[in-house]
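Written below as structure tokens is the structure these notes are about.
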Amino acid sequence: MDIDDEITQRYDPHDVEPEVKEYWEDADAYEAAKEAHSDDPDLYFLDGPPYTSGQMHLGTAWNKTLKDAVVRYLRMRGHNVTDRPGYDMHGLPIEVKVEEELGFENKSDIEEYGVENFIDECKEFAEENLGAMNDDFRSMGVWMDWDDPYRTLSPEYMEGAWWGFKQAFDRGLVERGKRVINQCPRCETAIADAEVEYDEIESPSIHVRFPLEDEDGSLVIWTTTPWTIPANLYVAVDGDAEYAKVRATKDGVDETLYVASDCVEDVLRAGRYDDYEVVETFDGDALVGREYEHPLADEVPRQRELDDEEGVHRVYSADFVTTDKTGLVHAAPGHGVDDFEVGQEHGLPVFSPVGPDGAYTDEAGEYAGEFVRDANPDVIEDLRASGALLAEGKESHRYGHCWRCDTPIIFAATDQWFITVTDVKDRLLDEIEESEWHPDWARDSRFRDWVENARDWNVSRQRYWGIPVPIWETESGDRICVGTREELAELAVEDIDPDEIDLHRPDVDDVVLEHPETGERAERVEDIFDVWLDSAAASWAALDYPSEDDAFDELWPADLIIEAHDQTRGWFWSQLGMGVSALDEIPYKEVVMHGHALDEDGRKMSKSVGNIVTPQEAIDRHGVDPLRCFLLSHDQQGDDMRFSWDEIEAKKRTLNVVWNTYRFPLPYMRLDGFDPDSTTVDDVETTTVDNWVLSRLQTTLSRYIEYMDGYEIDKAQRVLLDFMTEDVSRFYVQVVRPRMWEAEDSSSKNAAYATLYAVLEGATRMLAPFAPYLAERMYDNLGDVTTVHALDFPEPDESLRDETLEERMEILRDAEEAAANARQQAERKLRWPVRRVVVAADEDTRDALAALEELFLDRVNAKSLELFEEYDELIEVAEPQMGAIGPEFGEDAEKVMNAVRGEPREKVEGGVDIDGEKVTLGDDMVEYRDETPDNVEAAEFEDGTVYVDVSLDDEIRAEGYARELVRRVQEMRKELDLDVEERIRVSFDAADELLDLAMRERDYILEETRADEITDEIDADLRENWDIEGTSVTIAVELVHV
RNA sequence: GGGCCAGUAGCUUAGCUAGGUUGAGCGUUCGGCUGAUAACCGGGAGGUCCUCGGUUCAAAUCCGAGCUGGCCCA
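Every number in the working numbering is 759 more than the matching position in the first sequence, counting from 1.
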């Protein structure tokens, strides 16, 4: 290798990063890194596909950065890591964007425009976004296989989804049936639970009387969705709660009402009754089985027919009932999930007189054709007219909206395709045990909770842009599920080229199959898949299975996935559901779950709040590596991250320290032609401090690996950066600096070179996963492999570790800090030597300092070190206690005080002299405290106390003045812009003894300033006046031309 | 309404699993160094460890209740 690069003054990511980027491209560095580990054991990392409807935001930037850091690390630890990125490219959100662009309002606009054209637009939109997102991720320095991402719209991928679905179908887990689903009336399709967003809205809030059949009185129900009353089929109560029969009076008229006991007062107040009386109370179970008359039977004739059916318009007990409004819940199995399930238990029909567009059907009688939410006032009016309305108001509450078009959703029972994951719930719960999660509570508390409550998965959508449901039905109701393109071609009536056919609508809609057994013609069902099913198949579809099977056979299931905590309901779940349904196995082994990026106030970033920070802004201001390191500096396991400009800035500063540490020795190494290959730490005589920093390097590496292996990226980063700043920059480099300008053949200098080289090389590897650009730039000057990312992490070298030395150095640094503190109190700067430093401490501490005495003296600039258990030169000084002295001495008290204050103990105890009289003081009149002698200052550290004796003598003055002069000459050299090598002559002129003393150190001055002589005969290139400790000194410097 | 996670200095956070004087970085202020110098280093000030209650000789840490924020669900 050559250390020959010019290093810019400061660390500027905007210089480093483009340069490295270009180098990576020229040198095919990414390919080289992969190649270097291609023979290592396989590790299947699976990238969760981001959705191609927008651009990279801070959350996805964090996600990809974390993945990248982990992948780079795993490679360097010896794994052949799969890194194919993915994109989720189908689905309603893209349809909605395209509809917006084209100015469409509903599905008929699409049909008019032509499904094929619409699909083309969607495809183009998705492709465009993919390109932009690819660029975004690249710009974050993420190394994945950007040239060949898996795309959910590719034929291979779509086939993978079909194949998975067919496995589930063959295992009897696919069902068509009525279920209550979230329906977006604008998009006219079912939407997933995951696609419902909850916002606050205001709805009517009504109390309604449901008159009992064959007896006096009414059940009182409460609802915020009056439009569901036309579909009401039963009323639910809490069987265990207490209910009351109430006689209520209003305007002189009595009536009987049934409500939960907890609710009596509220309900009666809402109904503005004048008076009431609780006639009797009973368990909810006592109400079960009572029948009532539907209050809108006149408006909805169908309700009369339904009334004849067994069990309809009756009271049931259900555990979803709470007693906070009336304790009686109006239930419409066609419009509520709970209502549906309890209805099914009791064999009730499903009545859902609402179309996909949210308009009532003919079955809704008088309401037919009206949009349900618009019908609310009519329903209320009709209830009022018939006397059923007991109270009316408004209520603000959270209500589900379509996540893309923001329309309030409705619940409706429609025919859908389901994967009946509830049939395999035990397997799902067993299989999650087979996966390891970081943090572990993500699995055991959060994910398990979700899986336990999971319902059958509605996978069908009544839309266009998606993977078509691969089911064909014959007229007699037989179903064919197609798993591959090959199979499709075999079963198709017409000739189809399996390599050519586009599996999207509308092409596939036209394919007619022939039933292999009956020979009957079969037509495809119109639905497409829920987009969550697409990504659910990723673990095999990203390997192009089933069209290719080598990779699948070797790699499946995925070893590792890394996503944010919102994926509990998303990809973590959908993959599990699909994997178990299709292959009876969880498709991933290890999960890292990270958090969300919040704004500086800890709120979520959103367009409407306007608090979004884009990764690009951050990169523009501070560079990629500082942003990456910032993103990776928070807890990566489950915790959210608050964005902070200051922190990125701080991170850049820390990286700058690393940069300076790296660039500091380079000019010297270059000058001396240092060759790290021939001069390693094994070839040189290392000193104690060299051994120490090499030991620290190994300790750091070992802790780094431990943290990285547990995906505690933040802690690994901290260990590394602490080492680089605290140990290397703040200590080792400071200690080792003088060795850099020793004579050319100095073995101590070579040892420092070899040591620093080893430290920098090791640290650069550790830095590579976090700050890939900076690490590459540094490595460029340190090593000769194409890229630092192709290297390995060696196991820590235990033979280089010396724990005792590390502990002792820790003590030395503490003591040094205390000494600096004491100096500061004594106002004696470090440039001036001190005669003596005394440390009082326990034996271990003394041993440590004794072992490192030379280094310690050098660090604190002291002539000698003395070590004691206790420092016996402290003086006990008297403090008069006026509370006792005052009463005793009266008007002489002040004299006594002055005579005592600040005197040493033995003098006071011998009696003090007051106006020529010897006075003895009682014990209560004086207290003593320890004080250091003159010229000694003390400072404590964790293991003891440091005493610094700053007494001056001529020798110390001579050295101090000499160093003061040297420093000024250095400053002048710099002003003259002299090279380190250039020789000078120098003259000093001062009135005082200063020069006489300083000249005792003449040789030192000559050496340090690179001066040939000190002389008065000088042709000065620069002459300046200085003030040194109050003395005026004139210094002149002349450059010696060779 | 339920589940999970978080709340420590002005800001970002460590410590919490295994209870024993809250530790750092940024900012601020005072100082040092001056051959890494538009760099670097040290000292000081700054904390009701979200609140209340409990367990304990002892609680930031364990337990309970509540408040605030985030995610997930109803």
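All residues carry an ideal CB built from backbone N, CA and C; glycine is no exception.
Along the chain, where does the beta strand (DSSP E) that runs through residue i open and close?
{"i": "VAL1005", "result": "1001-1009"}
{"i": "ALA927", "result": "Counting along the chain, ALA927 falls outside any beta strand (DSSP E), though it belongs to the alpha helix (DSSP H) covering 914-929."}
{"i": "ALA1757", "result": "Careful: ALA1757 lies outside any beta strand (DSSP E), inside the alpha helix (DSSP H) at 1753-1757."}
{"i": "PHE1747", "result": "1743-1749"}
{"i": "ILE1260", "result": "Looking at the DSSP string, ILE1260 is not in any beta strand (DSSP E), and its letter there is neither H nor E."}
{"i": "VAL979", "result": "977-982"}
{"i": "ILE1239", "result": "1238-1240"}
Which residue marks the beginning of the alpha helix (DSSP H) containing residue i, and which one marks its end?
{"i": "THR1563", "result": "1562-1585"}
{"i": "SER1506", "result": "1506-1526"}
{"i": "VAL1023", "result": "1023-1029"}
{"i": "TYR872", "result": "866-872"}
{"i": "THR1768", "result": "1761-1768"}
{"i": "ILE1345", "result": "Element bounds for ILE1345: n/a, residue is neither H nor E."}
{"i": "TYR1017", "result": "Careful: TYR1017 lies outside any alpha helix (DSSP H), inside the beta strand (DSSP E) at 1012-1019."}
{"i": "PHE1615", "result": "1612-1619"}
{"i": "ARG1422", "result": "1404-1422"}
{"i": "ASP1481", "result": "1472-1481"}
{"i": "THR819", "result": "817-835"}
Look up residue i in the DSSP assignment and give the residues it is bridged to.
{"i": "GLN1175", "result": "GLY936"}
{"i": "CYS943", "result": "THR948"}
{"i": "GLU1322", "result": "MET1352"}
{"i": "ALA845", "result": "A small correction: the amino acid at residue 845 is Gly; Ala does not occupy that position in the sequence shown. Note: GLY845 sits in a beta bridge opposite TYR909."}
{"i": "ASN1217", "result": "PHE1177"}
{"i": "MET1428", "result": "Looking at the DSSP assignment, MET1428 forms no beta bridge with any residue, so it has no partner."}
{"i": "ALA1637", "result": "TYR1687"}
{"i": "ILE1773", "result": "VAL1745"}
Using a Cβ-Cβ cutoff of less than 8 Å, which residues in the same chain neighbour residue i once the five nearest sequence positions on both sides are dropped?
{"i": "SER1791", "result": "ALA1749, ALA1750, ASN1784 and TRP1785"}
{"i": "ASP1775", "result": "SER1746 and ASP1748"}
{"i": "TYR957", "result": "ARG1157, TYR1158, GLY1159 and HIS1160"}
Does DSSP put residue i in a helix, in a strand, or in coil?
{"i": "SER1454", "result": "helix"}
{"i": "VAL1183", "result": "helix"}
{"i": "ILE1378", "result": "helix"}
{"i": "HIS1548", "result": "helix"}
{"i": "GLU1850", "result": "Because the chain is modelled from 760 through 1801, residue 1850 falls outside the range shown and cannot be assessed."}
{"i": "PRO963", "result": "strand"}
{"i": "PRO1435", "result": "coil"}
{"i": "LYS780", "result": "helix"}
{"i": "PHE1627", "result": "strand"}
{"i": "ASP1067", "result": "coil"}
{"i": "THR1790", "result": "strand"}
{"i": "SER1461", "result": "helix"}
{"i": "PHE1099", "result": "helix"}
{"i": "LYS882", "result": "helix"}
{"i": "MET760", "result": "Low confidence applies here, because MET760 scores a pLDDT of 39, under 50, leaving its location unreliable; read the following figure in that light. The answer is coil: DSSP assigns MET760 none of H, G, I, E or B."}
Sorted by chain position, which residues of the same chain lie with C-beta nearer than 7 Å to residue i's C-beta, five sequence neighbours on each side aside?
{"i": "THR1120", "result": "PRO1112, VAL1113, GLY1114 and ALA1127"}
{"i": "ARG1567", "result": "ALA1607, ALA1610 and LEU1611"}
{"i": "ASP761", "result": "Residue confidence is low: ASP761 scores 46 on pLDDT, short of 50, so the model does not pin down where it sits. Its coordinate-derived value is still stated next. So no residue of the chain qualifies."}
{"i": "ASP763", "result": "Reliability fails at ASP763, whose pLDDT of 49 lies under 50, so the model's placement of it is uncertain and the value that follows must be treated cautiously. Same-chain partners within the cutoff: ARG1429."}
Excluding sequence positions up to five away, which residues of its chain have a Cβ less than 6 Å from the Cβ of residue i?
{"i": "ALA1779", "result": "ALA1795 and GLU1797"}
{"i": "ASP806", "result": "PRO844 and GLY845"}
{"i": "LEU1571", "result": "LEU1611 and PHE1615"}
{"i": "ILE1787", "result": "GLU1723"}
{"i": "PRO777", "result": "none"}
{"i": "ALA1045", "result": "none"}
Below 6 Å, is the gap between the Cβ of residue i and the nearest heavy atom of the ligand HEM?
{"i": "ARG1560", "result": "Here there are no bound small molecules, and the ligand HEM is not part of this structure."}
Next item on the list: Just list the alpha helix (DSSP H) runs in the segment 1266-1308, keeping only unbroken ones of 4 residues or longer that don't cross its boundaries, in chain order.
Entry: 1290-1295 and 1297-1300
Next item on the list: Please specify which runs of the beta strand (DSSP E), each continuous and at least 3 residues long, are wholly inside the segment 1670-1729, giving them in chain order.
Entry: 1671-1673, 1676-1678, 1685-1690, 1695-1700 and 1703-1708
Margin query: What ranges does the beta strand (DSSP E) occupy inside the segment 1103-1172, keeping only unbroken runs of at least 3 residues that lie completely in it?
Written below: 1148-1161
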